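**Student:**
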Amino acid sequence: MPSRQIYFDNNATTPLHPEVKKELVAAMEMYGNPSSMHAFGREARANVEDARHRVAAFMGADESEIVFTGSGSEGNNTVLSLFACGTSQCFPGMKPKIVTTKIEHPCVLETSQCLVHRGVDVSYLDVDAYGKIDLGQLEEYLKSDGVGLVSVMMANNEIGTIQDIPAISALAHQYGALMHTDAVQAFGKIPVDVNELGVDFLTISGHKIYGPKGIGALYVRKGTPYCPFIRGGHQERGRRAGTENTLGIMGLAMAVDMRKIEMAAEAERLRGFREMLREGISARIDDALFNGHPTDSIPNTLNVSFPGAEGESILLYLDLAGIAVSTGSACASGSLDPSHVLLATGVDAERAHGSIRISMGRSTTVEDVEYMLDVLPGIIERIRNMSTAYIKGGPHAAIR
Amino acid sequence: MPSRQIYFDNNATTPLHPEVKKELVAAMEMYGNPSSMHAFGREARANVEDARHRVAAFMGADESEIVFTGSGSEGNNTVLSLFACGTSQCFPGMKPKIVTTKIEHPCVLETSQCLVHRGVDVSYLDVDAYGKIDLGQLEEYLKSDGVGLVSVMMANNEIGTIQDIPAISALAHQYGALMHTDAVQAFGKIPVDVNELGVDFLTISGHKIYGPKGIGALYVRKGTPYCPFIRGGHQERGRRAGTENTLGIMGLAMAVDMRKIEMAAEAERLRGFREMLREGISARIDDALFNGHPTDSIPNTLNVSFPGAEGESILLYLDLAGIAVSTGSACASGSLDPSHVLLATGVDAERAHGSIRISMGRSTTVEDVEYMLDVLPGIIERIRNMSTAYIKGGPHAAIR
Amino acid sequence: MLQSGEWAYTEKLKEHFESPKNVLQGNDTSAFDGVGMEGNLQCGDQMMVAIKVDKESEKITDCQWKTYGCASAIASTSILSEMVKGMTLDQAFNISPKEVAKELGGLPENKIHCSVLGDKALRAAINDYFIRNGMSDRVQKVQARTVCQCMNVTDHDIEEA
Ligand SMILES: Cc1ncc(COP(=O)(O)O)c(C=O)c1O
Ligand SMILES: Cc1ncc(COP(=O)(O)O)c(C=O)c1O
Ligand code: FES
Ligand code: FES
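Protein chains in written order, with the numbering used here: chain A, 1 to 400; chain B, 1001 to 1400; chain C, 2001 to 2161.
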């Protein structure tokens, strides 16, 4: 075991907040089914509804607009699948046409691909070099008529780039489309208010905000057509079947409460660390290329490519030094394709393959950042010395 | 608060096993994402795969055949939805015709109804007075050709009746259909072995076996065509997207381990208690009518109707006495329709409305049973005295 | 974490459910001046209300009832039977389910319909009184139940498990 263990992979998942742990331990004693009428059930119901209220409040929503889900992926699947609902009974006036982007999370992209087999038309917006979509292109798609849903993620998980959701919502609504944003990476890192954003649907996930894994929430604006994805019971007002995950729900609400307290100061601090990292890396490593938007970005995330060094090697050498990061590429998830997000920003496959994502969190210290800056240059140098692909100041240097 | 609190609603949900609580507390310290390559991720991965192995082993399955889900409802939705997959790529040779029963859980019945809008043909088998399906009727449906799936629950949640799954599987396979069983209520109460049952799919849920809510597992026999329901990442070998609920998965595995140890002796004990209840109720209360099969039934469950006494009133008077039961009727769920299960067994609406379900669990004691037998007769008498509907020894008495 | 687990309904409702007032003992209603029956067992709710009336003042002097119904039906009819004593037939006829629910301190949304039944049975009893006493002209139609009440219930919140 390395002497230090530093976790720079908070966009993948986060440790439980100490207050969440406490809440979970307390909640373990409560076991009623919120749907039961007896005392055990009523206690569970009261706690679930209290949690719903707290989650809703932090995003400016009404509690009736919150549906608890089993994950961010489920939330996104739920929204997209609405547009393939086979019956006009449950989703009247549904227009089976979706516009989304090339840089969405796989749970949006793969669901979209499946929906095509179910008669839904899907278009993918391009992004610029910073990962931002173009409102002009969106408007063109919207003009072609019949778009039922625009789904654009609020902040990208790999490069951190934040989209202008209020403007996108306004445009979508102007053309009669509904608006969804996957806010899994934005929620709890930057302010998220459903009314300021103007969205009809918004997805969040517990484990990205120091809450439990396996719990999420979906915001559904009052009056928006809806059809359950997991069908069955009357749980969640008939919007999501399955006995409520009371432990997860109470843990999520506590995580949200803590975000409310900690988010602003933490963002400030992490933004400072990120600039330390950016400057330190630039100063100590040749030809480092930063990916994503330099400022319109969630404060904890820094994505950087090192031409000539393959991402997975960097990840594993860092791991040996006790530092956990992820590769921008999907290698980590078992595929060898370079990151679809980086490719969409127009970088070449080599740069995409040679990237790592550093994602900090609430426990990140200045010492962690300094240790990273001490360790990383040696690792990159070592890999590049082994590499067939690195020529110092080579073609990449020019586009830095 | 009443002086005693007795929980007779274990079919709705169960308290966490003390060992599961311990496991959850330990697991809270582990937070890596099992998909991450670094040390944090590898630790989580190892724990998830260990859990998968243990869950698989207890049902005689191979670990590669287990997909962790977010609930029993999700598992059932997943299996049924396969048969509406719009593309032959992911589900070749799919025959969009399902045969199920009239007494399934709402998550099967409502999903079936939705699939009809997606081009799937669904038939519902009748049941006899004990809640058993008729193999002859099943064979007739199968003969009419093109049935892709037979889905029959192993044990019913309301009346406890157990179906002859091995015979049903054999018949399904004889006619080229796949076989699914919803074993949410059977698993952990009676032996469940996927090979003895001969099923291709089998659904379980954590919170019915003293494990966490919001976690379940789906058995998918090797080589069976499959298409993910929640789409996205590569998690669960591409069979279920969403960051793995590590806490839930580890809790589920521990719950399964405990079932392995406790199930057999507990079944014996609860069967005894059930007969005590049945005899005591018969002796002390006029015209009590028992629902479900007298012997082919999960050992913890007793469903009984009291003509002239409405189920919700019984439930709430029992609640005032500190005893938690559920109504067989769906009244408790805010809907006034009488239980679809009881109606399917051929009882009239009044008997269906006047039923309660007593479902015992691992902590049930003989004192609990005696207290119930002390309290229940007075409550029924009281309600019947207020009732417009009870005539002692009336029409119902004859059919007892 | 909330330490709830207390009775979901109001104290008042709980009180009337625990000790319902004016339940008719036995099945004999011959001593009463008007009897009304509403609902049916198929829907899981049936209500019978019997009243005694002072002919002179047309005031209700006694009101007893029986029900096949849930806690809300029991409690709301119990409280209704208290409310109408001393009222004239016209006053009693015009009590709305809302007033009954208010008297109980409120009812959950999905239980409002349960309180309607007692009310309807009371009106039927009043109409019965008019018919028995040759005042058929005073019979007011109780709003016809075209669809079964049960179908209109908002059934989300809670679910069987
Ligand atoms: C027979 C049966 N199937 C499925 C389910 C659904 O399980 P879950 O609550 O985990 O979604 C239940 C219980 O709720 C059940 O009793
Ligand atoms: C942007 C984004 N959307 C959705 C998800 C999926 O969330 P979950 O793992 O809770 O399914 C993730 C993370 O995995 C994500 O980063
Ligand atoms: S009814 Fe099937 S998706 Fe809406
Ligand atoms: S590809 Fe969409 S359901 Fe199989």
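Ideal placement from N, C-alpha and C gives every residue a C-beta, glycine not left out.
Bear in mind that the values here come from a model prediction, so they are computed numbers and not experimental data.
1) Along chain B, which residues have their Cβ under 8 Å away from the Cβ of residue 2071 of chain C?
2) Can you tell me where the alpha helix (DSSP H) with residue 2167 of chain C in it begins and where it stops?
3) Could you name the residues that DSSP lists as bridge partners for residue 180 of chain A?
4) Which residues have their C-beta within less than 5 Å of a heavy atom of ligand 2, listed in chain order?
5) Within 7 Å: the Cβ of residue 1293 of chain B and any heavy atom of ligand 1?
6) For residue 1331 of chain B, does the count of other Cβ atoms within 10 angstroms reach 16, so buried, or fall short, so exposed?
7) What residue ranges within the region 281-328 of chain A form continuous beta strand (DSSP E) runs of no fewer than 3 residues, ordered along the chain?
8) Are the region 268-280 of chain A and the region 52-72 of chain A in contact at 8 Å, needing three or more beta carbon pairs?
9) Which residues in chain B sit within 7 Å of residue 231 of chain A, going by Cβ to Cβ distance?
10) According to DSSP, simplified to helix, strand and coil, what is residue 2151 of chain C?
11) Check each candidate in B:1388, B:1383 and B:1288 and name the one with the smallest Cα separation from residue 2019 of chain C.
12) Give the residues from the region 1370-1386 of chain B that approach chain C closer than 8 Å (Cβ to any Cβ), ordered along the chain.
13) Do we get a CB-CB distance below 8 Å when we pair residue 1332 of chain B with the residues of chain A?
14) For ligand 1, is there a heavy atom less than 7 Å away from the beta-carbon of residue 1153 of chain B?
15) Does the distance from the CB of residue 182 of chain A to the CB of residue 293 of chain A come in under 8 Å?
16) Identify the contact partners of residue 213 of chain A in chain B, using a Cβ-Cβ distance below 7 Å as the criterion.
17) So with Cβ pairs under 8 Å, would you call residue 2084 of chain C a contact of chain B?
18) Determine the burial state of residue 1113 of chain B: buried for a count of at least 16 other Cβ atoms within 10 Å of its Cβ, exposed for fewer.
19) Find out if the Cβ-Cβ distance for the pair residue 1247 of chain B, residue 1219 of chain B is shorter than 8 Å.
20) Reducing DSSP to helix, strand and coil, say where residue 1014 of chain B ends up.
21) Would you list the one or two residues that DSSP bridges to residue 1161 of chain B?
22) Quick check on DSSP: helix, strand or coil for residue 1380 of chain B?
23) Can you find a CB in chain B that lies within less than 8 Å of the CB of residue 40 of chain A?
24) I need the boundaries of the beta strand (DSSP E) containing residue 357 of chain A, first residue and last residue.
25) Measure from the C-beta of residue 1350 of chain B to each C-beta in chain C and report whether the shortest distance is under 8 Å.
26) By the three-class DSSP mapping on this structure, what secondary structure does residue 1217 of chain B have?
27) Are the region 228-245 of chain A and the region 23-39 of chain A in contact at 8 Å, needing three or more beta carbon pairs?
28) Where residue 1289 of chain B and residue 1347 of chain B are concerned, what is the direct C-alpha to C-alpha distance, given to the nearest angstrom?
29) Please state whether the Cβ-Cβ distance between residue 1230 of chain B and residue 1216 of chain B is less than 8 Å.
30) Evaluate the contact criterion for the region 1253-1266 of chain B versus the region 93-100 of chain A: three or more CB pairs, one atom per stretch, below 8 Å.
31) Check residue 2070 of chain C in the structure and name its three-state DSSP category.
32) Helix, strand or coil: which one does DSSP assign to residue 2017 of chain C?
33) Which residues bound the alpha helix (DSSP H) around residue 2131 of chain C?
34) Kindly indicate which three-state DSSP category residue 110 of chain A falls into: helix, strand or coil?
35) Does residue 1366 of chain B pass the burial test, meaning 16 or more other C-beta atoms within 10 Å, or should it be called exposed?
**Tutor:** Here's the rundown:
1) Locating residue 2071 of chain C in the third sequence gives position 71, where the first residue counts as 1. Result: 1312, 1313 and 1316.
2) Residue numbering for chain C in the displayed model covers 2001 to 2161; residue 2167 of chain C lies beyond these limits and cannot be assessed.
3) If you number the first sequence from 1, residue 180 of chain A lands on position 180. DSSP lists A:151 and A:201 as partners of residue 180 of chain A.
4) A:71, A:72, A:73, A:105, A:157, A:182, A:184, A:185, A:205, B:1242 and B:1243
5) Position 293 of the second sequence, counted from the first residue, corresponds to residue 1293 of chain B. No, the Cβ of residue 1293 of chain B stays beyond 7 Å of every heavy atom of ligand 1.
6) Taking the second sequence and counting its residues from 1, the one referred to as residue 1331 of chain B is at position 331. In this predicted model, residue 1331 of chain B has a pLDDT of only 38, less than 50, meaning its place in the structure is not dependable; the value taken from the coordinates is given anyway. Answer is buried; the Cβ neighbour count reaches 16.
7) 289-291 and 301-305
8) no
9) Within the first sequence, numbered from 1, the residue matching residue 231 of chain A stands at position 231. Going along chain B in sequence order, the residues near residue 231 of chain A (Cβ under 7 Å) are 1077, 1107, 1110, 1111 and 1114.
10) As a working note, residue 2151 of chain C is residue 151 in the third sequence. A caution first: residue 2151 of chain C carries a pLDDT of 33, below 50, which makes its placement in the model unreliable, though a value can still be read off. Note: residue 2151 of chain C maps to helix in three-state DSSP.
11) One-based indexing of the third sequence puts residue 2019 of chain C at position 19. Comparing Cα-Cα distances from residue 2019 of chain C to each of B:1388, B:1383 and B:1288, the minimum goes to B:1383.
12) 1385 and 1386
13) Counting from 1 along the second sequence, the entry for residue 1332 of chain B is found at position 332. Annotation note: pLDDT 40 at residue 1332 of chain B (below 50); position unreliable, coordinate value reported separately. Yes - at least one Cβ of chain A is within 8 Å of the one on residue 1332 of chain B.
14) For the purposes of this step, residue 1153 of chain B is identified with residue 153 of the second sequence, where counting begins at 1. For ligand 1, at least one heavy atom lies less than 7 Å from the Cβ of residue 1153 of chain B.
15) For the purposes of this step, residue 182 of chain A is taken as residue 182 along the first sequence, with counting starting at 1. For the purposes of this step, residue 293 of chain A is taken as residue 293 along the first sequence, with counting starting at 1. Their beta carbons are not under 8 Å apart, which means residue 182 of chain A does not touch residue 293 of chain A by this criterion.
16) Position 213 of the first sequence holds residue 213 of chain A. Going along chain B in sequence order, the residues near residue 213 of chain A (Cβ under 7 Å) are 1243, 1244, 1245, 1246 and 1247.
17) Here residue 2084 of chain C corresponds to residue number 84 of the third sequence, with the count starting at 1. Judged by the 8 Å Cβ criterion, residue 2084 of chain C is not in contact with chain B.
18) The residue labelled residue 1113 of chain B in the question sits at position 113 within the second sequence. Flag for residue 1113 of chain B reads exposed.
19) Counted from its first residue, the second sequence places residue 1247 of chain B at position 247. Counted from its first residue, the second sequence places residue 1219 of chain B at position 219. The answer is no: Cβ separation not under 8 Å.
20) Locating residue 1014 of chain B in the second sequence gives position 14, where the first residue counts as 1. Residue 1014 of chain B: coil per DSSP, three-state reduction.
21) Along the second sequence, one-based indexing puts residue 1161 of chain B at 161. Looking at the DSSP assignment, residue 1161 of chain B forms a beta bridge with B:1297.
22) Position 380 of the second sequence, counting from 1, holds the residue named residue 1380 of chain B. Residue 1380 of chain B: helix per DSSP, three-state reduction.
23) Residue numbering aside, residue 40 of chain A sits at position 40 when the first sequence is read from its first letter. Judged by the 8 Å Cβ criterion, residue 40 of chain A is in contact with chain B.
24) On the first sequence, residue 357 of chain A is found 357 positions in, with the first residue counted as 1. That run of the beta strand (DSSP E) goes 355-359.
25) Locating residue 1350 of chain B in the second sequence gives position 350, counting from the first residue. Cβ-Cβ to chain C under 8 Å: yes for residue 1350 of chain B.
26) Locating residue 1217 of chain B in the second sequence gives position 217, where the first residue counts as 1. If DSSP states are grouped into helix, strand and coil, residue 1217 of chain B belongs with the strands.
27) yes
28) Mapped onto the second sequence, residue 1289 of chain B falls at position 289. Mapped onto the second sequence, residue 1347 of chain B falls at position 347. Whole-angstrom Cα-Cα distance: 10 Å.
29) The residue given as residue 1230 of chain B occupies position 230 in the second sequence. The residue given as residue 1216 of chain B occupies position 216 in the second sequence. The answer is no: Cβ separation not under 8 Å.
30) no
31) In the third sequence, the residue the question calls residue 2070 of chain C occupies position 70. In the structure shown, residue 2070 of chain C sits in coil (DSSP, three-state: anything other than H, G, I, E or B).
32) If you number the third sequence from 1, residue 2017 of chain C lands on position 17. Residue state, collapsed to three classes: helix.
33) For the purposes of this step, residue 2131 of chain C is identified with residue 131 of the third sequence, where counting begins at 1. Note, residue 2131 of chain C: alpha helix (DSSP H), 2112-2132.
34) Numbered from its first residue, the first sequence carries residue 110 of chain A at position 110. Reduced to three states, the DSSP call for residue 110 of chain A is helix.
35) Taking the first residue of the second sequence as 1, we reach residue 1366 of chain B at position 366. Residue 1366 of chain B comes out exposed.
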